[in-house]
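Contents: one structure, followed by commentary.
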Amino acid sequence: MKFKSLVVTASSVRFASAFSPSPIRVTHRSHRLAFPQLPLSNNDDNEDEAARLRKKAQDLREQVRQLEALMGDERKSRYPPSPFDPADESSTTTTTGKSLKNKRILIVGANGRLGSMVTRHLLRSHPEVQEVVAAVHYVGQATTRGYGRLSYEVGAEDGRGSIGAAWSGEDERNASFEYDAEVMGGYNLNKLRVVEVELLNPNQVRTITEEVDAVVFCATDFEGNRPRAVASLNAALLFRAVADPLKGRVEIEGVRNCLEGLVAGINDRRYKENLAGGAPKTLTTGPTQFVLVSSTPDAFSEFDTPFGEFNGLKRQGEYIVANEFPSVSYSILQMGRYDERVEEGLELLYEEAQDDTLVVDGVIGSKDTAANTRPRSIWDNEVLKRINRRDAARAVVEALLDSDLENKKAQVYTCKR
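Just so it is clear: in the sequence shown, position 159 is 159 by the UniProt record's numbering, and no numbers are missing.
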């Protein structure tokens with residue numbers, strides 16, 4: 001039910017809807033009323049009619065004030081302030097832009113070379129975060145894989161260590177590390193949580209994305225442009241590829257599972273906050289919700305896999321992020337060739353990524369260009385966009401707070417060599 005207040009003055013008629021973000025003011029320079037006048041019998045009837053209208057307007061204004069008091073901050077969160085409303089001098093609310101304060105950030109692929117550096121940089125440069133969730137590929141008891149790279153990067157091994165003699169008993173022979181506050185005080189390891197996940201399992205992904213505010217996707221099935229199971233002969237990944245070759249791809253199904261879990265988690269929190277009353281906290285300014293790490297089309301030459309070519313798979317993942325989940329804010333970072341010979345700490349350079357996506361018979365792929373069809377080795381001398389991995393990690397973390405990169409796809413590098 002809508003209530004309207006009517007204010008009649010000598011020069012204007014103003015209609016203000018209690019539920020409209022922009023009340024309408026109609027001003028007449030001729031000082032005529034906005035509604036047609038009817039002939040009145042005498043002055044007494046005219047005065048009685050005016051008194052009745054004033055009483056009705058006063059009652060309506062009172063009802064509007066009561067409704068606004070009941071709605072409270074919820075109305076302010078749903079409707080922007082009207083340009084006709086006077087400024088609230090007592091308000092102390094200011095817009096501070098994106099922030100990671102009290103936010104929970106999920107890093108997918110945190111045990112990889114880039115993912116572990118992203119985890120380190122995020123922990124040390126943003127101590128205001130509530131928690132950094134480092135998601136690593138499932139590690140079973142039958143494998144020698146562990147969290148060695150992640151542990152080393154974040155500094156978990158910088159404490160006081162001890163190891164027993166080789167001839168000691170099994171309990172005494174084990175190595176151990178103790179926290180050293182003097183050395184590790186600024187590492188913020190108390191805000192790090194490590195979780196194991198199979199990205200191709202939607203239920204597992206839904207569990208780790210329930211309470212997160214943003215996702216940084218660094219995971220990949222490739223080592224360079226070759227499938228990781230083939231390039232590194234990794235036992236765990238090779239077994240997964242042989243046992244279930246049609247199970248899916250991290251670049252495609254993994255990305256989609258993470259986005260679906262993120263959206264479901266945000267919607268659940270909004271629903272609970274609405275039930276509790278008040279302005280939903282999830283509507284406040286926060287970081288970019290999904291940052292996808294990809295590669296430039298010319299970083300590597302093509303490599304055929306059972307699921308498609310290398311660049312085609314990368315473009316499919318980018319397409320999913322940019323088009324299939326419109327409610328999620330995103331940044332797609334196409335990194336140049338990773339090269340540890342490039343100096344660390346150089347200025348980050350950004351270029352708008354060109355659309356090289358090609359859709360044929362409903363299948364999303366990459367356009368064949370001279371840049372991505374030439375055979376190249378990792379040590380070639382061709383002039384390419386290049387970047388040190390530590391600078392790439394810095395770019396990924398900065399993308400969470402960079403409004404200029406929101407809902408855009410950009411190429412990132414530090415030099416051309």
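Built from N, CA and C at the ideal position, the CB exists for glycine as well.
- Taking a cut-off of 8 angstroms for Cβ pairs, the region 393 to 401 and the region 312 to 329 do not touch, as fewer than three such pairs fall below it.
- DSSP places S125 in no beta strand (DSSP E) but in the uninterrupted alpha helix (DSSP H) bounded by 113 to 125.
- Going by DSSP, S331 is part of the beta strand (DSSP E) stretching over 330 to 335.
- Here DSSP, grouped into helix, strand and coil, assigns Y350 to strand.
- Around A399, the same chain offers T288, V291, S331, L333, L405 as residues with beta carbons nearer than 7 angstroms, after the five sequence neighbours per side are excluded.
- The DSSP-derived three-state label of S403 is helix.
- Annotation: the continuous beta strand (DSSP E) that includes Q411 extends over 408 to 413.
- Between C258 and G112, the C-beta gap is not smaller than 8 angstroms, which leaves the two residues out of contact.
- The region 381 to 390 and the region 338 to 345 touch, with no fewer than 3 CB-CB distances between them shorter than 8 angstroms.
- Between T285 and K98, the beta carbon gap of about 6 angstroms places them in contact (Cβ cut-off 8 angstroms).
- The residues L199, L200, A219, in chain order, have a CB closer than 7 angstroms to that of G254 in the same chain once the five nearest residues on each side in sequence are set aside.
- Its chain contains R173 as the residues whose beta carbon lies nearer than 8 angstroms to that of A166, once the 5 sequence neighbours on both sides are disregarded; these appear in chain order.
- In this structure, T119 lies away from E157, with their beta-carbon atoms at least 8 angstroms apart.
- The C-beta separation of L150 from A175 comes to about 17 angstroms, leaving the pair out of contact by the 8 angstroms criterion.
- Between the beta-carbon of R124 and that of D213 there is about 19 angstroms, and that puts the pair past the 8 angstroms contact cut.
- As the crow flies, the alpha-carbon of G109 is around 20 angstroms from that of G265.
- By the CB criterion at 8 angstroms, K191 and V132 fall inside the cutoff.
- Judged by DSSP secondary structure, L106 falls outside any alpha helix (DSSP H) and instead within the beta strand (DSSP E) spanning 104 to 108.
- Relative to E196, the option among V215, V328, V216, T207 whose CA is nearest is T207.
- Spanning the alpha carbons of E178 and D171 requires a straight line of approximately 16 angstroms.
- Taking 8 angstroms as the cut-off, the Cβ atoms of Y413 and L313 do not count as close.
- By the neighbour-count criterion, in which 16 or more other beta carbons inside 10 Å mark a residue as buried, P127 falls on the exposed side.
- Looking at the DSSP output, R386 shares a beta bridge with R337, C415.
- Look at S99 here: in three-state DSSP terms it is coil, with no helix or strand label.
- A direct Cα-to-Cα measurement between Q58 and A51 gives close to 11 angstroms.
- Around the beta carbon of L275, a 10 Å sphere encloses fewer than 16 other beta carbons of the protein chains shown; the residue is thus reported as exposed.
- Per DSSP, A181 is one residue of the alpha helix (DSSP H) stretching across 181 to 184.
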